[in-house]
Amino acid sequence: MSRYEPKKPSLCTAGPLTPTAIRESLSVLQGVVWSSYGPFGRLKQIHNGSGGSVVTTSHSSTLLNGISVSHPVLKLLVASVRNHISCYSDCGLFAVNLCCNLVERSLSLNASHHTAIKIIGSLLSNCVDYLNSDDCGCKVAADFGSSKCLLSLTHSVLSSKPACMLTPTETDYISTLLAQAFLSTIPDHLGPSVTLGKCVLVPVEGPSVMESSVVPGLLVETSELSWNRLSSSVGFPGETIKLALFSVSLSGDLCDTGEGNVDLLSCVNPERVMLDQLFALARQLIIDRVDCLMCQKVIHPSLKQYLKEQNILALDRLGAAPMETLSRMTGAKPVASLSAASPACYGRLREMRRTSRGSKHFWHLIPFDTSVSSFVLCNRNETSLKELTATCRASQHILQLTLRKPWVLLGGGCTETHLATYVRYKSSNVQSRVLEELNCSPSEYRLVAECFAASLESAARSLEHDGGVMSIDLQDAHSWSLPPNGTSETEHRCGCGIHQTRENRTWIELGSPYTTFTPRKPQEDIWAALPGQLVLDCFSSKCNALQVAVDTAVLILDLATE
Amino acid sequence: MERRGHRGLQELSSLTKSVRSFLGPNKAYKFIFNEDTDDCTLTCSAFRLLEGLDLSSAVGQLFNEAVQVQQKTYKTGTTTLFFLVGAWSDAVLECLHQGVPIPLIVSVMLGGLDSCIREVLTLQECVNNLLIAEDFENQGNNNSVKTLDVSHDYGSESGHSAHFPLDHKKNIAHQHGAKWYPNMPSCWINKLSHSRYFLDAPKETPDPSEDSYDIPSHSHTLSHLTKALSHGNQEPMEMVEEAVSHLFKETQKGHVNHKNFHVSRFHVCCLPGLSKVHLKASSGYTTLVSPDFVSVARDLEGKSLRVLLLDSDLTEGYRHLGFNNPTNVKILSQAVSSEGVISEEPWLNVSCRNLRQAGIELILVRGNVCPSLMSLCCHNKILVVPQVKQNVLLAFSESTGAEPVTYLTQINESCVGFGAFVDMCVSGNSFVTAGENIVVNIKANRLNMVTVMLCNRLVSMLQILEDQFWSCLYRLHHAVQDQKVFCGGGAVELQCLSHLRKHEEADDGSFNSTWSWMSTTGKNYKSFIYRWLAKGWFKYLTALLCNAGDYSTELDAMTFIQNELQSLSCCDSPSEYLRSKYYENVLANQHLSESPRSMLVYDNVTPKLEAWRSALHLVLLVLQTDAEIITGSAAQNPILNTGFLKAGYHLL
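As you go down the protein sequences, you meet chains A and B in turn.
The first sequence begins at 261 in the working numbering and counts up by one.
The second sequence begins at 2 in the working numbering and counts up by one.
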């Protein structure tokens, strides 16, 4: 059944986009995003309200893809953050949160929007320059010499997604596997151009998380019946397996007849003609001594039967996803037509094994080349497994981004508080040249800078959902989660985990005024000094998220007519 | 978007309550002491009641998902899941009420459950190879008995299984190993010599004094195990036992272990309208065929048949999955030049000729069969059985050498199987019939398949009987696969209660995040959260004892549990206490004449623990959820129109 709806004509309204309207529409989205932010964020159930499947998540990409927004301002914001997520995988909620905050605060500023926009732009470029500069106090060089940095990164991502339902042991285990899988994608030899290998995620519902593992090669799922029946047949001898890979369907139907009509003479039986062609293909494969045929789509049962009699293993319905990886790891070129099989297309495999995880059965394809591995991810139920898979995909990406730009930012709100302090400090003694360029008064500049800093701080404040007090210390400008009733007696750490409470410091609640200061720089070699792990953010993701958030906010402010 | 407080948890709690009351007062799912099996019918198909509930809400769907997964994977433990979801929802609501921060509830409860699960592993009993021999016990007493160096055994085991911490394994060994082995007949030891538990174990002559040791039965013959796992469903469990005996007598020489026990080798044939006399298990594949085939079946009886297996529908229009029939192809008739044109024969004729030429006498088809081909086959003395499950096809493929095909055009000599036999089932002098259909039994040499015929005069009871049968079979299956069972009858839950009580005050850093303020205040709440986690099991245990008929009031049951907890905390070896004394105390309330030995109850290990885990996971997942996002414009319009906007809905 298909449903058609007439296309609606575009609707133009002349009414202004008032700040109130913008504020109202942003506040709901901000409510959703703010409450999902951070390791203790609340989850959202996304469903279509009429019996569709329920997704429980606090993951930015799932959340923003699940939401359907109607207000144009929201559409703008969601679209730009989605785009950020598709390139950087992380910090999506941070971007939405910061953008909403900034718009909200700027709208209630006592300065003209035009000036505010210009000042915000200049503040942003100051921040980005600072983050990229060598004396930035909230970034740390990523150290690939030890596992600490890698594990800290993966651990931070995993523990910020409560819907994965991982216990501490499980979080440690998965973050270790993630790091291990990442390392396996790094080539052993440096050539003129370095390409990273690939680690394919294979989600399996049912078994406990601790049964997850990383294996070399690729896992291809097969149905239970064919798996059981194959278990009686002979395996492959311990030698090279010659393999042919087909992307064209071998199901024996008339391949894509296109539009228009095809006229057939009654004496022609298309099915028989197609089958004859398939058999001709099979005879070619037999002559070429191919051991295994893999097909992205379906193989005709008669062809399968024939191949089996000839001791050729036929695997079909691989789907589009593994084709590229398969081709890459075996060297086989996917054959896209029934007549094009030539010896040059064949690939090689070192070994094929049968293996099963939970209720799923796989062919385990082990290539000679070691760049491809598979990450079998297990979790108890569908909802948690989906979230875990999305999270692991994001952290794989983050590790790659970190490899490209080997810096990490301090997590747990510390970067935000640090930047806020930096912005305040800079704005307290701004050069007159800058003011002239922006055509604004020092007080205007300070006002907007304060608003910018406060927005950053509220992003850090959003990490707290349970009544604790997010605070900043006036020595290092790190963020601290303190109990509701004053400071705690027992020792604990700041948001990123570098500093401890026992050092002599003063705290004030985030959001309350303090005299500007320059924070201390962190030690040079922090990795050696630290016993445990840090909470870290990916540099490129966070940096880009900051820019996307501020740019979008500027755009929205620009739209808001007074 | 719908904003909610903790309506989700309240909904879970009420959902499970309605299920509970639906189950009736005599919920005897987990307890063997209940003699009333009539009411079990309701409890046994607890997951089916879900179908009758309104689960359209998001929380309802998550609940449904959890129960369905449990049912699909384990076929047992769904009632436990049901109950604990409700009990823990209430517990969590209470914690919220007291102002405990949500992340603390989550992490402390998960930690508590994990620690309980580690603890109850000491209550496992090992199940190794099962003997089907019926006179096992007599044999055991007469034979010269051999013992083993137990501690040495278990030490060698540690390398094999990475799942449980070593110290627990040692515990198990010391607690009951010494008593377990002396009673073992020598024949068993021979059988077990290939088991990893007995690798390189020196054999010695036993201390005669140990022979008289009173044993709470660790002799794992099949019938002992099935009895202990039947949980009140004696009749279906007897069928399971019979079926297993049949299967293994023929193929595995009476020796059941985790490698050779496959659920896919069991088939159920329901015979509506027949009395229980026909209830039996028989080897081979038993099924109903249409009355037209009576004479065919009679002719084929006793003959060795050529068999064809079809993994598809047997109709003209059937095409394999992935075959797309082009819609825009027009066939032109070629009237002008007709020479060289082979006129297409009707499919029916071709098919029939194919079958005759290959000499096929029996066809097992996974899907439907075209009626006209069916009658054509009937004429040609070919027996056709439609709707055969894949596992049956597989079994026949293995035993007859037939290769399943999709189309009749694929038939060649290598895909035809040999040596299938058809029998008509007779009772007295007449054929067994169910409705109009006749019952036939198909066998083959080395066919590794057993059919259980379930009958009841009431058709509605048949479904229940079938559910019970599968549930029992799976319970046995999990016991054999896990190679472990739990001491049942509430012993495991009691152990959890006592464990949580003992560790309430221990500071084991249950809150993982070092930077949050909650890591410093966490331990203040820990004992409170543990107490409420324990309440879940407490409720469960109370319901068990009450439903089993041991206690007339909940208060009595609760007093009993409190007393047991008290004695448990005073005793040196809690697991030893639970194995022996606890049983006696429970049984004391039963006023039964039977010996405790025959009243032993076992629970499955993995299904039970998984039910606990998914129950708690579900509750905690819902706890952490604070909003529902409804997507699609279809959902927004009704909300707008009905003025829901005031009732907590926000539009994006």
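Backbone N, C-alpha and C fix where the C-beta goes; we use that ideal spot for every residue, glycine too.
Of all Cβ atoms in chain A, is any one closer than 7 Å to the Cβ of B/Glu302? Reading the second sequence from its first residue, position 301 is the one you call residue 302 of chain B. Closer than 7 Å: no.
Between the Cα of B/Ser581 and those of B/Lys73, B/Leu124, B/Thr77, spot the shortest distance and give me the residue it belongs to. By 1-based counting over the second sequence, the position of residue 581 of chain B is 580. Checked all of B/Lys73, B/Leu124, B/Thr77; the closest Cα to B/Ser581 is B/Leu124.
Chain-ordered neighbours of B/Cys416 on chain A, where CB pairs are closer than 8 Å: Numbered from its first residue, the second sequence carries residue 416 of chain B at position 415. Here the neighbours are Gln565.
Can you check which of these residues, B/Thr80, B/Glu66, B/Lys76, B/Gln72, is closest to B/Thr17 by C-alpha distance? Here residue 17 of chain B is taken as the residue at index 16 of the second sequence, counted from 1. Of the listed residues, the one whose Cα sits closest to B/Thr17 is B/Thr80.
Is it true that the CB of B/Trp538 sits closer than 7 Å to the CB of B/Cys657? This structure gives no information on residue 657 of chain B, because the portion of chain B shown stretches from 2 to 653.
Closer than 9 Å by beta-carbon distance: list the chain B residues that pair up with A/Gln807, in chain order. By 1-based counting over the first sequence, the position of residue 807 of chain A is 547. What A/Gln807 touches in chain B: nothing, since even the nearest Cβ is about 25 Å away.
Using alpha carbons as the reference points, say which of B/Glu611, B/Ser528, B/Gly490 lies closest to B/Tyr583. As a working note, residue 583 of chain B is residue 582 in the second sequence. Residue B/Gly490 is the option with its Cα nearest to B/Tyr583.
With the cut-off set at 7 Å, would you say A/Asn459 and A/Ser296 are in Cβ contact? For the purposes of this step, residue 459 of chain A is taken as the residue at position 199 of the first sequence. For the purposes of this step, residue 296 of chain A is taken as the residue at position 36 of the first sequence. Just to set this straight, residue 459 of chain A is Cys in the shown sequence, not Asn. No, the Cβ-Cβ distance between A/Cys459 and A/Ser296 is not below 7 Å.
What residues from the segment 288-302 of chain A come within 9 Å of chain B, judged by C-beta to C-beta, listed N to C? Val288, Leu289, Gly291, Val292, Ser295, Ser296, Pro299, Phe300, Gly301, Arg302
Proximity test, Cβ basis, 7 Å: B/Ala507 and chain A: Looking up residue 507 of chain B in the second sequence gives position 506. No, B/Ala507 does not count as interfacial toward chain A.
Listed from N- to C-terminal order along the chain, which residues in the segment 304-326 of chain A have their beta-carbon within a distance smaller than 7 Å of any beta-carbon of chain B? Lys304, Gln305, Ile306, His307, Asn308, Gly309, Ser310, Gly311, Val314, Thr316, Gly326
Distance, Cα to Cα, B/His521 vs A/Ser406? To locate residue 521 of chain B, count along the second sequence from 1; it is residue 520. To locate residue 406 of chain A, count along the first sequence from 1; it is residue 146. Note that residue 521 of chain B corresponds to Thr in the displayed sequence, not to His. Straight-line Cα distance between these residues: approximately 30 Å.
Using a beta-carbon distance below 7 Å, is A/Thr427 in contact with chain B? Position 167 of the first sequence holds residue 427 of chain A. By this cut-off, A/Thr427 is an interface position.
Which residues in chain C sit within 9 Å of A/Asp513, going by Cβ to Cβ distance? Looking at the structure shown, chain C is missing, and the protein chains on hand are A and B.
Considering Cα atoms alone, identify which of A/Leu669, A/Arg721, A/Ser644, A/Thr776 is closest to A/Arg706. Taking the first residue of the first sequence as 1, we reach residue 706 of chain A at position 446. For the residues A/Leu669, A/Arg721, A/Ser644, A/Thr776, the minimum Cα distance to A/Arg706 belongs to A/Thr776.
Can you find a CB in chain A that lies within less than 7 Å of the CB of B/Ala628? Your numbering for residue 628 of chain B matches position 627 in the second sequence. Closer than 7 Å: yes.
Closer than 8 Å by beta-carbon distance: list the chain B residues that pair up with A/Thr643, in chain order. Start at 1 with the first residue of the first sequence, and residue 643 of chain A comes out as number 383. Simply Leu63, Glu66, Leu622.
Coil, strand or helix - A/Asp629 by DSSP: Position 369 of the first sequence, counting from 1, holds the residue named residue 629 of chain A. In the structure shown, A/Asp629 sits in coil (DSSP, three-state: anything other than H, G, I, E or B).
Give me whichever residues DSSP pairs with A/Gln838 in a beta bridge. The structure shown does not extend to residue 838 of chain A, since chain A spans only 261 to 822, so no value can be given for it.
Going along chain B, which residues have a C-beta under 9 Å from A/Lys399? As a first step, residue 399 of chain A must be located in the first sequence, where it is residue number 139. Simply none; closest approach about 18 Å.
Take every Cβ of the segment 690-705 of chain A, pair it with every Cβ of the segment 415-435 of chain A, and state whether three or more of those distances are shorter than 8 Å. no
Of the residues that make up the segment 550-565 of chain B, which ones have a beta carbon closer than 9 Å to any beta carbon in chain A? none
List the endpoints of the continuous alpha helix (DSSP H) containing A/Val694. What you label residue 694 of chain A is simply residue 434 of the first sequence in a count that begins at 1. Here the alpha helix (DSSP H) through A/Val694 covers 692-698.
Alpha carbon of B/Ala507 to alpha carbon of B/Tyr526, nearest angstrom: For the purposes of this step, residue 507 of chain B is identified with residue 506 of the second sequence, where counting begins at 1. For the purposes of this step, residue 526 of chain B is identified with residue 525 of the second sequence, where counting begins at 1. In a straight line, the C-alpha of B/Ala507 is about 12 Å away from that of B/Tyr526.
Smallest Cα separation from B/Asn413: which of B/Val308, B/Ala445, B/Lys390, B/Ala435? Taking the second sequence and counting its residues from 1, the one referred to as residue 413 of chain B is at position 412. Among B/Val308, B/Ala445, B/Lys390, B/Ala435, the Cα nearest to that of B/Asn413 belongs to B/Val308.
Could you tell me which residues DSSP pairs with A/Gly607 in its beta bridges? As a first step, residue 607 of chain A is located in the first sequence; it is residue number 347 there, counting from the start. Answer is A/Leu503.
My output table needs one value for A/Trp623: the three-state DSSP class, helix, strand or coil. Position 363 of the first sequence, counted from the start, is the residue given in the question as residue 623 of chain A. Of the three classes helix, strand and coil, the one that applies to A/Trp623 here is strand, per DSSP.
Below 9 Å on C-beta distance, what does A/Cys754 contact in chain B? Start at 1 with the first residue of the first sequence, and residue 754 of chain A comes out as number 494. Those are Trp516, listed as they occur along chain B.
Proximal chain A residues relative to B/Thr74, where beta-carbon distance stays under 9 Å: Walking along the second sequence from the start, residue 74 of chain B turns up at place 73. Going along chain A in sequence order, the residues near B/Thr74 (Cβ under 9 Å) are Gly466, Gly618, Ser619.
Length of the line joining the Cα atoms of A/Leu742 and A/Glu717: Working through the first sequence from its first residue, we reach residue 742 of chain A at position 482. Working through the first sequence from its first residue, we reach residue 717 of chain A at position 457. Answer to the nearest angstrom: the Cα atoms are 15 Å apart.
Take B/Phe422 and list the residues in its own chain whose beta-carbon comes closer than 6 Å to its own, dropping the five residues that flank it on each side. Against the second sequence, residue 422 of chain B aligns to sequence position 421. Around B/Phe422: Lys444.
Supposed close pair B/Leu394, B/Leu289 - CB separation, criterion 8 Å: On the second sequence, residue 394 of chain B is found 393 positions in, with the first residue counted as 1. On the second sequence, residue 289 of chain B is found 288 positions in, with the first residue counted as 1. With 8 Å as the limit, B/Leu394 and B/Leu289 do not qualify as a contact, their Cβ atoms being about 17 Å apart.
Would you please verify whether the beta carbon of A/Val338 is less than 7 Å from any beta carbon of chain B? Translated into positions along the first sequence, residue 338 of chain A becomes position 78. A/Val338 does not count as touching chain B.
Proximity of A/His752 and B/Thr515 at Cβ, strictly below 7 Å: Residue numbering aside, residue 752 of chain A sits at position 492 when the first sequence is read from its first letter. Residue numbering aside, residue 515 of chain B sits at position 514 when the second sequence is read from its first letter. Result yes, Cβ atoms of A/His752 and B/Thr515 sit closer than 7 Å.
Please confirm whether B/Asn416 and B/Val427 have their CB atoms less than 7 Å apart. In the second sequence, the residue the question calls residue 416 of chain B occupies position 415. In the second sequence, the residue the question calls residue 427 of chain B occupies position 426. The residue asked about is misnamed: residue 416 of chain B is Cys in this sequence, not Asn. For B/Cys416 and B/Val427, no; Cβs fall outside 7 Å.
What is the rounded straight-line gap between the Cα of A/Cys803 and the Cα of A/Leu383? Against the first sequence, residue 803 of chain A aligns to sequence position 543. Against the first sequence, residue 383 of chain A aligns to sequence position 123. About 14 Å.
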